[in-house]
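One structure below.
Numbering (my numbering), first residue to last: 18 to 207.
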């Protein structure tokens, strides 16, 4: 698959199954991430790769976080949180590592990490893998941050779920580029 085809056809694949990406596929994903645009070449990111037993441990961390908010956590909610990371055979946790820089604000560094995730999504599609970018409340929870070993200057940008597509990929409608792109030649005259 060529690059333009991968970019034009990529869709999120929320229903995933095993096996996890191979070591060779992972290397392609990792290299794609590291080619993301990065102002001042700060490389403001790091990535945690979770398979079993790390996926189960992440589920336990989600439960621990929810219990810290609600000690009477309903059993149904606990089970759902525990199972969330098990929806894929691999999760890559993308972490923005914000660094002080006079020309590169923290928001740009978060965007660079997000671009790295986007590159991995497109690379996964090109490799025939399924992938979906998830966040949700647990991405921002202090208990999860601590459990994942995040420093004060770090933030989870994505839980990138990866695996084999379970079922057919959804077909998305074509979008008219003219609805989103327009020419601009300066401020409107009064």
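In this text, a Cβ means the ideal position worked out from N, Cα and C, and glycines have one as well.
Everything numeric in this text was worked out from a predicted model, so none of it was measured.
Asked                                                                                                                                                          : Found
How close, in whole Å, do the beta carbons of residue 171 and residue 113 come, if the pair is a contact with beta carbons under 8 Å?                          : 6 Å
How far does the beta strand (DSSP E) with residue 63 in it reach, from first residue to last?                                                                 : 62 to 67
What runs of the beta strand (DSSP E), each 3 residues or longer, lie entirely inside the stretch 56 to 106?                                                   : 62 to 67
Return the first residue and the last residue of the alpha helix (DSSP H) that residue 40 is part of.                                                          : 40 to 50
When the distance is taken between beta carbons, is residue 56 closer than 9 Å to residue 101?                                                                 : no
By the DSSP assignment, the alpha helix (DSSP H) with residue 24 in it spans what residues?                                                                    : 20 to 26
Going by other Cβ atoms of all chains shown within 10 Å of its Cβ, with 16 needed for buried, is residue 106 buried or exposed?                                : buried
With respect to the alpha helix (DSSP H) encompassing residue 164, which residues constitute its N-terminal and C-terminal limits?                             : 159 to 164
Which residues bound the alpha helix (DSSP H) around residue 131?                                                                                              : 123 to 143
Assuming residue 148 and residue 177 are in contact, meaning their beta carbons sit under 8 Å apart, how far apart are those beta carbons, in whole angstroms? : 6 Å
If we count Cβ pairs, one from each stretch, closer than 8 Å, do we get three or more for the stretch 78 to 93 versus the stretch 178 to 185?                  : no
Measuring only the C-alpha atoms, how far is residue 104 from residue 32?                                                                                      : 7 Å
When the Cα atoms are used, what is the spatial distance from residue 197 to residue 81?                                                                       : 42 Å
On the DSSP bridge assignment, give the partners of residue 176 in chain order.                                                                                : 110 and 151
Would you check if the stretch 47 to 63 and the stretch 114 to 123 touch, i.e. whether three or more CB-CB distances between them fall below 8 Å?              : yes
My output table needs one value for residue 196: the three-state DSSP class, helix, strand or coil.                                                            : helix
So, does the stretch 137 to 151 touch the stretch 37 to 46, judging by three or more C-beta pairs under 8 Å?                                                   : yes
Going by the CB atoms, is the gap between residue 133 and residue 40 shorter than 9 Å?                                                                         : no
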